[in-house]
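S.K.: So for the sequence shown, this note's numbering puts the first residue at 2; every next one is plus one.
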Amino acid sequence: MSGTPREIQLLKYKDDGSFDLDVVALQSVLNRDDVKDLPVVLFSVAGPFRTGKSFLLNYFLRYLHSPVFKGEKGDNAKPLGEDSEPLGGFTWRGGSERNTVGLLIWSEPIIKTLENGDKVAVLLMDTQGLFDSKTTMRDCSIIFALSTLLSSVQVYNLKENLQENHLQFLQLFTQYAKAADNGEELKSFQNLLFLIRDWSYYDTHPYGSKGGDSLVAKRFEVTKDLSTDMVELRAQITSSFQKISGFLLPHPGFNVLKPQFDGRLSDLEENFKTYLLELVTLLFSPSNLVPKKINGQTIRAKELSTHFNVFLELFKSNETPTISSMTKAITDISLQTAVNDARELYENTVNSKFGVDQLSAPTEAIRFSHSQAIEAAKALYNSKKKMGSADELVARLDNLVKELDEILPQTLLMNETKVRKLNSEAQKIYADEVKK
Ligand code: GDP
Ligand code: MG
Numbered sequence: 002m003s004g005t006p007r008e009i010q011l012l013k014y015k016d017d018g019s020f021d022l023d024v025v026a027l028q029s030v031l032n033r034d035d036v037k038d039l040p041v042v043l044f045s046v047a048g049p050f051r052t053g054k055s056f057l058l059n060y061f062l063r064y065l066h067s068p069v070f071k072g073e074k075g076d077n078a079k080p081l082g083e084d085s086e087p088l089g090g091f092t093w094r095g096g097s098e099r100n101t102v103g104l105l106i107w108s109e110p111i112i113k114t115l116e117n118g119d120k121v122a123v124l125l126m127d128t129q130g131l132f133d134s135k136t137t138m139r140d141c142s143i144i145f146a147l148s149t150l151l152s153s154v155q156v157y158n159l160k161e162n163l164q165e166n167h168l169q170f171l172q173l174f175t176q177y178a179k180a181a182d183n184g185e186e187l188k189s190f191q192n193l194l195f196l197i198r199d200w201s202y203y204d205t206h207p208y209g210s211k212g213g214d215s216l217v218a219k220r221f222e223v224t225k226d227l228s229t230d231m232v233e234l235r236a237q238i239t240s241s242f243q244k245i246s247g248f249l250l251p252h253p254g255f256n257v258l259k260p261q262f263d264g265r266l267s268d269l270e271e272n273f274k275t276y277l278l279e280l281v282t283l284l285f286s287p288s289n290l291v292p293k294k295i296n297g298q299t300i301r302a303k304e305l306s307t308h309f310n311v312f313l314e315l316f317k318s319n320e321t322p323t324i325s326s327m328t329k330a331i332t333d334i335s336l337q338t339a340v341n342d343a344r345e346l347y348e349n350t351v352n353s354k355f356g357v358d359q360l361s362a363p364t365e366a367i368r369f370s371h372s373q374a375i376e377a378a379k380a381l382y383n384s385k386k387k388m389g390s391a392d393e394l395v396a397r398l399d400n401l402v403k404e405l406d407e408i409l410p411q412t413l414l415m416n417e418t419k420v421r422k423l424n425s426e427a428q429k430i431y432a433d434e435v436k437k
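(1) Please look up how many angstroms separate the CB atoms of Gly-90 and Asn-59, rounded, as I've assumed it's under 8 Å.
(2) Suppose only complete runs of 3+ residues qualify. What are the beta strand (DSSP E) ranges in the stretch 163 to 241, listed by chain order?
(3) Whose C-beta lies closer than 8 Å to the C-beta of Arg-301 among residues of the same chain, with five residues either side of it excluded?
(4) In whole angstroms, what separates the C-alpha of Val-46 from that of Asn-158?
(5) Buried or exposed: where does Lys-113 fall if 16 or more other Cβ atoms within 10 Å of its Cβ makes it buried?
(6) Within a Cβ cutoff of 7 Å, which residues of the same chain sit near Thr-307, ignoring the five residues on either side of it in sequence?
(7) What do you reckon, are the CB atoms on Gln-10 and Asp-23 nearer than 8 Å?
(8) If the criterion is Cβ atoms closer than 8 Å, does the pair Val-121 and Phe-44 meet it?
(9) Report buried or exposed for Arg-33, applying the criterion of at least 16 other Cβ atoms within 10 angstroms of its Cβ.
(10) Given a cut-off of 8 Å on the beta-carbon distance, is the pair Ile-408 and Leu-360 in contact?
(11) For the alpha helix (DSSP H) holding Ser-370, just list the boundary residues, first then last.
(12) Grab me the residues of Ala-378's own chain with a C-beta within less than 6 Å of its C-beta, minus the 5 sequence neighbours each way, in chain order.
(13) Extract the residue ranges of the alpha helix (DSSP H) inside the stretch 229 to 308, only unbroken runs of 4 or more that lie entirely within it.
(14) If we ignore side chains and look at the alpha-carbon of each, how far apart do Ala-366 and Val-395 end up?
(15) Around the Cβ of Leu-258, are there at least 16 other Cβ atoms within 10 angstroms (buried) or fewer (exposed)?
(16) Can you find a C-beta in chain C that's less than 8 Å from the C-beta of Pro-110?
(17) Taking the alpha carbon of Thr-5 as the reference point, which residue from Ser-240, Tyr-64, Ser-108, Trp-93 has its own alpha carbon closest?
(18) Check Asn-400 in the structure and name its three-state DSSP category.
(19) Ends of the beta strand (DSSP E) at Ala-47?
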């Protein structure tokens, strides 16, 4: 992606108020050569309007770009950036009323080498307008479900306390999660972090992750005075996520209320900065840098937009997706991914030998390489973990082979054109090549 790093809006609005995914925008981030084949670790922050989500994401960005995160600890490493630097990044402190939902992604994935040597692409996602009065509950839960389904860690950002209605909202969209679970797999959603801002009851639950976890445990505790609905709600949420934790942040101090506040570190309370650092250190620690998996398959950057689109369309098409529609969507993606990889292998092999930039070659050599490349593509397809019936698996492969076979005449035709265009010198090179 070229240009200045910036937030990219992923939802495209239509005249009737409905929205689509802006696939081109998303692919501009994910299809970069150094990113497209990497597993993705996506961090999303979602929650009510004006709870400091974008502000926080900008400190995430600072930390992810700091030498500390890169593992180059120096004496003067500043994990949260310079003291007097105004806070840039995602648009924050948006004062105007929002009446549309938004899903934004940072244009520059941060490439990180994990302890085992694998590289991953870390992505940050911001959400807008999710709980505004003007946003319909349906749009809201679709976006929340989508961001949760695609993230490795969903930060549910709340102000002051964790209330029953916050949990009810989670239940609303975990019905999507249930549908996404095809029974054989683990829980559909990965990590959920309840992040409470401006926490003030530190006597009962201390700041940081310790207090956060104890608050969450308390809220999820099944006690006698809970109604059946409330018990069910808790069971549904816990069964949807692989891990649920909490974190309590103190108030950042009253400078944040001043009109001239530009987000700089030096205007924030010491206590807030201490816990902000604890939060980012924990959030981006190796145990949370979990590549996104859907149905047991690690998702690479270039595949993420397919998942985005399929899920979004599915959510939009039904009030609540059924288990079978969701399973079908995931099956389709797994097959499509295997087919795409196999096709790419074929194309790369053939292009590297007989592409436009290559010299012409003997017909026999082209035919031979073509069959070899098809065999290699088939082997790759067969080696991929896929879902779907045996018939479906075979049908997709047959289709692919048919499609690849149709490329051969084109390659031969292009080769003939090259031959015709060759000047006598090139002809000689060609003759020499054949003799070899
Ligand atoms: P968003 O709508 O959730 O993305 O909120 P913003 O990030 O745009 O922040 C809204 C306002 O809250 C800004 O003026 C921030 O300075 C302020 N803010 C940021 N973090 C906190 C916090 O932890 N507590 C309080 N009270 N205000 C915050
Ligand atoms: Mg915001």
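Ideal Cβ placement from N, Cα and C applies to all residues, glycine included. Since the structure is predicted, the reported quantities are computational estimates derived from the model, not experimental observations.
M.R.: Let me lay it out:
(1) 4 Å
(2) 190 to 198
(3) Lys-37, Asp-38, Leu-39, Pro-40, Val-41
(4) 7 Å
(5) buried
(6) Ile-334, Gln-337
(7) yes
(8) no
(9) buried
(10) no
(11) 364 to 384
(12) Ala-343, Leu-346, Tyr-347
(13) 229 to 241, 271 to 284
(14) 28 Å
(15) exposed
(16) The structure shown contains no chain C; it holds only a single protein chain.
(17) Ser-108
(18) helix
(19) 41 to 47
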